[in-house]
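Chains as they are written, first to last, in the working numbering: chain A, 1 to 350; chain B, 1 to 256; chain C, 1 to 235; chain D, 1 to 309; chain E, 1 to 327. Ideal Cβ positions, reconstructed from N, Cα and C, are used throughout, including at glycine. In what follows, a structure is listed as structure tokens, so that the remarks can point back to it.
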Amino acid sequence: DEIKIGVYASLTGGQASFGISQTNAIQLAMEEINKAGGVLGKPVKLIVDDDRSTPGESATIVRKQIANDKVCAILGEFASSRSLEGGPICQENKIPMISPGSTNPKVTEIGDYIFRTCFLDSFQGEVMARFALEKGYKKAAILTDEKQDYSKGLSQYFKENFTKNGGQIVKEQSYSSGDKDFRAQLTSIKSTKPDVIFLPGYYNEVALVGKQARQFGIKAPMMGGDGWEGDALLKVAGTSLDGCFFSTHFSADNQDPAVQAFINNYKAKFGAVPDCQAALGYDTMRLLAQAIERAKSTDPKAIRDAVAITKDFSGVTGKITLDANRNASKPAVVQTIGEGRFKFVENVAP
Amino acid sequence: MSVSSALLEVDQCTVQFGGLKAVSELDLRIHEGELVGLIGPNGAGKTTIFNLITGVYQPTDGDIWFDGQSVVGHKPYQITARGIARTFQNIRLFSSLSVFDNVRAACNLHLKHGISHALWRGGAFAREEAEIAERVDGLLDIFHLSHLRNAECTSLPYGDQRRLEIVRALATRPKLLLLDEPAAGMNPTEKGELMRLIRFAQEKFQLAVLLVEHDMRVVMGICERIAVIDYGVKIAEGTPEAIRNDRKVIEAYLGE
Amino acid sequence: MLQIRDLHVNYGAITALHGINIDVPKGSIVTLIGANGAGKSTTLRAVSGITRAQKGSIVFDGEEIVHLAPHKIVGRGLCHVPEGRMIFANLSVMENLLMGAYRRNDRKAFGGDLDYIFDIFPRLKERKAQSAGTLSGGEQQMLAIGRALMSKPRCLMLDEPSLGIAPLLVKTIFEKIVEVNKNLGITVLLVEQNANLALEISQFGYVLETGRIILSDASAKLREDPQVKECYLGG
Amino acid sequence: MIQFLQQLINGLALGSIYALIALGYTMVYGVLKFINFAHGDIYMVGAFVGLYVTPWVWKVIPPGQDPSKFNWNTTAGGLVVMLISMVVCAVLGILIERLVYRPLRNRPRLTVLITAIGVSIFLENFGQYLFGADPKSFPDILPDRTIDIGDLSIFMNQIVVFVTTIVLLVALRYIVMKTRMGTAMRALSYNTTAASLMGINNDVIIAFTFGLGSALAAAAGILNAINYPSIDPLMGILPGIKAFVAAVLGGIGNLPGAVVGGLLLGVLETMVVGYISPMYRDAIAFAALIFILLFRPNGLFGKIEKEKV
Amino acid sequence: MNRPKTWLLLSILAAWVISRFQGAINPYYYDILITIGINIILGVSLNLVTGYTGQFSLGHAGFMSVGAYASAMVTLSVGAHARGESLIFIGALLVGGLSAALAGLLVGGPSLRLKGDYLAIVTLGFAEIIRVVFENVEAVGAARGLSIPVHTTDFFWTFLSVALTIYVVVFLVHSTYGRGFLTVRDDEVAAEAMGINATKYKVLAFVVAAFFAGIAGGLYAHFKQFIHPEGFGYLRSVDIVVIVILGGMGNTPGVIIAAVLLTILPEGLRALGSWSALPEAIRPLIQNRMILYSLLLIALMLLRPQGLFSTGGRLTKWLKRGKGAAA
Ligand SMILES: Nc1ncnc2c1ncn2[C@@H]1O[C@H](COP(=O)(O)OP(=O)(O)OP(=O)(O)O)[C@@H](O)[C@H]1O
Ligand SMILES: Nc1ncnc2c1ncn2[C@@H]1O[C@H](COP(=O)(O)OP(=O)(O)OP(=O)(O)O)[C@@H](O)[C@H]1O
Ligand SMILES: [Mg+2]
Ligand SMILES: [Mg+2]
């Protein structure tokens with residue numbers, strides 16, 4: 001007999017690249033756990049379902065995993081909108097759900113069975129605002145992805161913290177995910193001559209923004225959040241984002257053997273450097289396994305209770321503690337870009 | 001307000017397509033119950049006149065009176081509601097409907113009840129549908145189409161389709177019926193039968209008919225009065241006898 | 001020139017032709033008459049390949065063409081002016097005529113041929129640049145015939161060319177059919193409701209009824225046939 | 001003012017990409033009267049073919065060292081890549097036509113439309129399976145230079161796209177309006193039976209149309225990838241829709257209309273982003289489209305052809 | 001009492017009886033069942049516009065979203081656990097349906113003089129505009145989406161609406177009055193010449209269809225308990241068009257079966273993808289359900305170009321031929 005854990009993610013469709021790396025890492029974690037004897041002496045079995053990156057499927061999947069596959073816990077989506085769809089079903093059926101990457105505050109507000117292992121947008125926004133000011137940047141322009149709540153949240157917290165501490169926002173512009181042309185926005189931004197451009201989007205667009213900004217002769221450095229992290233960013237942007245900064249969950253420069261082992265194993269299995277979605281997925285899977293171990297039972301209620309009291313779980317993304325609101329409190333990492341790779345700059349404690 | 005007693009009065013109408021005057025300053029009167037022929041060479045503007053009367057085209061100039069009211073600027077369906085029905089030169093049946101439904105659809109105009117009845121399906125609805133079915137079957141019967149009642153209209157031979165178009169037009173209960181080459185594609189026997197039917201319908205429903213046709217046997221055989229146009233201009237008008245002997249008409253249209 | 005043997009055509013469940021035989025000798029005009037729905041158009045459609053025959057053989061100029069695609073049949077010099085004209089409404093009159101000459105390579109000769117057609121149908125010359133869809137019914141018929149002539153066929157099949165044509169012009173068209181037959185040596189297979197005229201200009205006639213040939217004879221004889229007289233010549 | 005001019009340039013550059021895709025769209029539509037929903041996906045395939053053949057081409061024609069300097073070798077290589085991609089996509093287009101559209105040729109248009117949607121979903125998802133879901137970086141296959149005129153920046157690539165669009169427009173228009181093939185295309189678009197009675201081999205013409213349309217899509221895909229060097233299997237969806245809008249705006253089936261529609265859409269979107277709000281970009285673009293269609297129900301250049309009754 | 005109404009009442013009664021046992025149904029299958037119901041409503045209502053009236057609309061999901069948001073707002077403003085849940089729900093659904101109908105009127109009115117693909121692009125554009133608006137209005141959650149705290153949609157309400165939709169569309173069309181829709185589809189010029197106000201019928205079709213799409217949206221919102229503008233994009237509209245065309249334009253039973261089939265298909269393919277006997281080599285290919293889905297879609301169109309359930313498709317012919325050969 002096995003311990004069944006449900007995973008729903010975007011394996012196809014517009015956001016598949018995130019969902020795939022997250023699921024890959026979860027799979028890696030599962031294999032490692034099983035190799036080490038499983039949980040409670042039983043092997044872990046993942047039930048992975050694809051939600052096509054579209055609304056409307058998550059609820060169905062969660063119902064299926066609970067009713068047909070009889071899972072005892074579910075690992076949710078990185079996209080908040082889909083966690084918000086699957087979450088209520090988990091709550092209703094009293095099955096714990098942990099989202100590795102949903103940063104929208106509403107997700108864990110669904111109820112006491114819903115957790116997350118990433119930090120909230122407010123924290124990242126604050127970290128980057130502080131970092132920008134420390135660097136001596138006074139005038140910032142913001143370029144937000146209007147379609148992503150994640151991006152909007154980051155912008156909002158960045159703005160609040162930046163202006164509160166003496167900075168000035170000289171221009172706010174936005175785009176939608178999937179856009180390829182940002183010249184109109186950059187033209188407007190260029191004329192305001194900012195010291196820094198805050199660009200809290202996903203790497204798909206960020207890379208093109210960087211490229212186009214440099215073509216326009218905009219030299220100001222750019223900053224962003226964990227959405228930047230991805231191999232494609234480096235490949236597409238070339239050198240155009242060199243010297244820019246972003247906050248994220250983990251750094252490959254971290255010489256902690258656990259982190260290095262994760263990176264090497266991931267590379268060996270999937271032929272790519274793990275990004276932060278992968279790191280979060282990996283941690284979440286292991287965190288759940290550890291909680292089940294502590295609960296000494298596969299009863300969902302017991303698992304929930306065990307997850308809720310997670311304290312100082314040491315993962316590749318740092319030490320994770322779940323607070324009373326079932327949100328993770330954990331450090332952020334600031335990285336910079338250069339020589340075709342991400343480089344560690346500093347750790348920021350919560 | 002028109003003072004004449006004519007049912008239809010086309011008053012100095014012009015239709016222009018770009019540089020081409022398809023109809024120019026045309027006058028045409030049709031009285032109640034009259035059977036008038038409209039002939040002329042190909043491209044003279046006959047079909048255009050039909051389109052003008054039925055509101056498909058708007059006159060560039062001039063006015064059209066029907067039953068004492070101007071119909072210019074009205075939509076085709078409004079004009080049909082006033083009592084003008086037509087057939088088309090290139091048959092335009094409702095291709096996905098059965099013969100029966102083609103005619104039934106044309107009864108739509110005089111429905112006493114609307115959407116609510118169709119949905120409620122009470123007794124009144126059933127009675128009205130039954131009435132309509134009876135009327136449609138009656139019409140089909142007159143035109144010898146009853147046996148094809150449930151056939152798909154596109155599978156009908158050409159001549160039957162033409163007759164079906166006439167039935168469909170009659171179902172709108174017109175006062176004036178415009179027929180555009182109803183005998184085209186029929187053989188002499190069928191043409192004879194058609195003439196009989198047109199006359200019969202004209203009497204039975206007290207119709208005025210305006211008939212466009214290239215077959216002179218048909219036109220001369222049933223029309224009381226004939227108007228001839230060429231290049232959009234009326235070149236002659238009169239009894240069949242007079243038209244047959246009109247030099248201009250012979251030159252432009254009939255030939256020796 | 002054209003031999004049709006035991007031709008069967010059905011449309012789904014409806015059988016339109018129950019094995020008919022027709023011969024069109026080279027250089028002749030042959031007429032096919034019959035009531036509505038008898039299968040006249042179907043015969044022509046089967047010959048030109050736009051409707052598939054279920055059974056039978058069609059030999060044109062010594063070659064079996066029953067399985068050829070329409071464009072190949074046209075390429076052999078057999079041209080069909082279909083019922084309903086089928087002119088290209090979105091093209092101008094001139095372009096329609098040139099379309100007729102699509103398979104010809106002697107562009108130099110086009111001018112002369114166009115003049116010839118404009119001579120027969122002066123109205124087309126007036127409307128040269130007009131988009132064909134806005135032509136009157138009769139004008140469209142002229143265009144359809146003109147377009148067919150542009151392909152310089154060896155055999156021309158006309159489906160009710162007088163349909164919707166003013167009397168004066170009907171005469172002209174029939175004269176021109178005789179003319180192209182005589183002068184250009186084009187063999188003609190003619191389908192007509194106007195049986196009087198058709199039998200007058202043709203050498204041979206067939207009478208089709210519900211998918212079967214019920215009579216065939218020299219045209220002059222057919223015109224005297226009491227049955228034909230009653231049904232197709234208007235008594 | 002400078003900013004306005006810059007936005008205008010940005011808009012025209014964006015618009016010429018739309019125009020380029022719309023050209024192929026509109027041409028296929030003009031002949032076959034059906035919206036080839038898969039056009040945007042052929043465009044994607046075009047870009048990927050470019051990505052995969054570039055290393056091979058570069059082996060034969062080594063590109064210049066500095067991508068920002070003009071270099072004959074780079075340019076020649078770029079053109080070869082584009083040609084290869086156009087040929088591959090033309091073959092793909094013809095293949096698709098042969099396999100799935102031809103059997104449905106005399107069917108209701110909506111049936112074919114659904115099939116096209118099927119093909120589109122297939123190409124997108126098979127693309128994700130084959131190429132992976134994450135975006136790929138497209139190599140600089142043309143010299144990438146910025147031309148600065150005062151404060152205005154124009155990119156070589158933008159000029160290339162613009163010029164290509166215009167050249168293709170002129171060439172296509174010539175083919176469609178003046179050549180025998182083109183007249184046959186138009187004839188066939190009206191009535192296939194009549195066309196075959198004229199001796200036109202419908203299969204050949206339709207295959208040619210598809211091939212040409214797909215080649216155009218491939219060209220657009222490559223040019224777009226040069227401008228925005230991040231390509232992914234779903235990259236065709238959005239431009240596909242935008243090009244559809246552009247084509248309709250100009251009067252679908254009308255070649256110059258497609259180009260004008262595309263440019264207009266590009267400028268409009270850019271101006272909305274630059275001066276109003278990017279949030280409402282799509283909404284305003286569509287609102288403008290609807291507005292224009294209300295006054296010109298057949299698009300800007302579409303003939304208001306009243307059906308002869 | 002005549003036949004149609006009897007059928008309507010009987011089916012509503014059946015829905016009610018079954019809904020008494022809905023707790024016993026496996027929640028996953030129950031979810032699919034409700035989704036089927038919603039898709040039937042969407043397909044059958046769009047069929048009135050596209051199938052019966054011949055107007056090509058690519059914006060049905062837009063109307064659905066109006067209904068979803070409007071009904072959700074009603075529920076949210078009344079409060080989650082107010083008394084009289086059913087009454088509030090009916091109210092919310094009606095508000096959703098009526099708002100959508102109003103939207104249908106707004107779009108239908110001015111844009112129906114457009115034809116074919118022009119109409120398609122305008123409806124598509126309209127739906128996109130609605131989507132962008134929802135994406136930006138904070139009051140309805142903007143890009144975050146909107147959570148609805150109650151779960152009122154159940155088997156009874158869904159299939160009550162299904163029955164009503166089918167009743168209205170079928171019996172509207174099957175009357176002398178309703179023949180007007182078909183004539184507009186077949187030949188607008190001839191329809192007008194027969195005294196049929198084509199514009200009125202087109203607008204009516206749009207409004208009625210939008211109303212039911214709105215109801216479907218309301219049901220959806222109160223079932224999934226979360227709505228997001230992305231869920232009502234043009235691809236969703238395309239899905240509905242596929243249902244209509246696969247079912248056979250203007251063929252309501254066909255559309256219903258197509259809705260069932262197209263709802264089950266992706267879930268069936270999901271099951272296939274996790275089938276353990278699958279060879280490793282083709283597993284990733286099968287796991288991308290959309291690859292198989294699209295191939296099936298194409299195959300269906302090739303085999304049944306007139307829609308699944310009309311006679312005369314290749315499949316029927318092929319079957320007949322097979323029989324003939326055997327005999
Ligand atoms: N929409 C239009 N645009 C341009 N020209 C038109 C249009 N409709 C008709 N015409 C032209 O107007 C003239 C009259 O056409 P109409 O159809 O009325 O002729 P007709 O008398 O009915 O001829 P026929 O007996 O051949 O049917 C023709 O020369 C035709 O080309
Ligand atoms: N596409 C079709 N589908 C089904 N039946 C058809 C089709 N075309 C013709 N028919 C049927 O085949 C038979 C022969 O038709 P055809 O058109 O050949 O007749 P015709 O002699 O040319 O008549 P007309 O004088 O009316 O032109 C008719 O019964 C007709 O209803
Ligand atoms: Mg006429
Ligand atoms: Mg015929």
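DSSP places Tyr11(C) inside the beta strand (DSSP E), whose first and last residues are Leu2 to Tyr11. Taking 8 Å as the CB threshold, Tyr57(B) stays off the interface with chain C. Only Met99, Gly100, Tyr102, Arg103 and Ser131 from the region 99-132 of chain C bring a Cβ to less than 8 Å from some Cβ of chain D. Note: Trp65(B) is bridge-paired with Glu9(B) and Ser70(B) in the DSSP secondary-structure output.
Measuring C-alpha to C-alpha distances from Lys21(B) to each of Ala236(B), Gly255(B), Ala252(B) and Gly232(B) identifies Gly232(B) as the nearest. The beta carbon of Ser57(E) does not come within 8 Å of any beta carbon belonging to chain D, so the residue lies off that interface. Counting only residues of its own chain and dropping the five nearest sequence neighbours on each side, Ala184(A) has no CB closer than 6 Å to any other CB.
Less than 8 Å divides the Cβ of Thr31(C) from the Cβ of Ser202(C). Counting only residues of its own chain and dropping the five nearest sequence neighbours on each side, Arg173(D) has a CB closer than 8 Å to the CB of Leu255 and Pro256. Sequence-ordered contacts of the region 141-158 of chain C with chain D read Arg147 and Ser151 [C-beta pairs closer than 8 Å]. Scanning chain C for C-beta atoms nearer than 7 Å to the C-beta of Ala184(B) yields Leu163 and Gly164, reported in chain order. Taking 8 Å as the cut-off, the Cβ atoms of Leu188(D) and Ile205(D) count as close. Asn36(C) belongs to the set of residues whose beta carbon lies under 8 Å from a beta carbon in chain B. In the three-state reduction of the DSSP assignment, Arg304(E) falls in the coil class.
For Ser155(A), the enclosing alpha helix (DSSP H) covers residues Asp149 to Lys164. Contact of Ser294(E) with chain D by beta-carbon distance below 9 Å involves Ile117, Gly118, Val119, Ser120, Ile121, Phe122, Leu123, Glu124, Asn125 and Phe126. Put simply, the region 102-110 of chain B touches the region 193-205 of chain E. At least three CB pairs are less than 8 Å apart. When CB distances to chain B are screened at a threshold of 8 Å, the residues of the region 175-204 of chain E falling below it are Ser175, Thr176, Tyr177, Gly178, Arg179, Gly180, Leu182, Thr183, Arg185, Asp186, Asp187, Val189, Ala190, Ala191, Glu192, Ala193, Met194, Gly195, Ile196, Asn197, Ala198 and Leu204, in chain order.
The continuous stretches of beta strand (DSSP E) do not include Leu120(A), and DSSP gives it neither H nor E. Under the Cβ distance rule, Leu91(C) counts among the residues neighbouring chain D, one pair being separated by less than 8 Å.
For Val236(A), the chain D residues whose C-beta falls within less than 7 Å of its own C-beta are Pro135, Ser137, Pro229 and Ser230, listed in chain order. The Cβ neighbour count for Asn165(A), taken over all protein chains shown within 10 Å, is under 16; the residue is labelled exposed.
Look at His151(E) here: in three-state DSSP terms it is coil, with no helix or strand label.
Phe295(D) is not bridged by DSSP to any residue. The beta carbon of Arg163(B) lies closer than 6 Å to those of Phe143 in the same chain, with the five residues before and after it left out. The beta-carbon of Phe223(E) is placed no less than 8 Å from the nearest beta-carbon of chain B. The beta-carbon separation of Ile129(E) and Ala287(D), rounded to 6 Å, stays under the 8 Å limit for a contact. For Asn36(C), the Cβ falls inside the 7 Å cut-off from some heavy atom of ligand 2. Checking the DSSP bridge columns, you'll see Glu209(C) partnered with Arg212(C). For His80(C), the closest of Ser57(C), Leu189(C), Thr172(C) and Lys229(C) by C-alpha to C-alpha distance is Leu189(C).
The closest CA to that of Asp312(A), considering only Ala278(A), Pro350(A) and Lys193(A), is found on Pro350(A).
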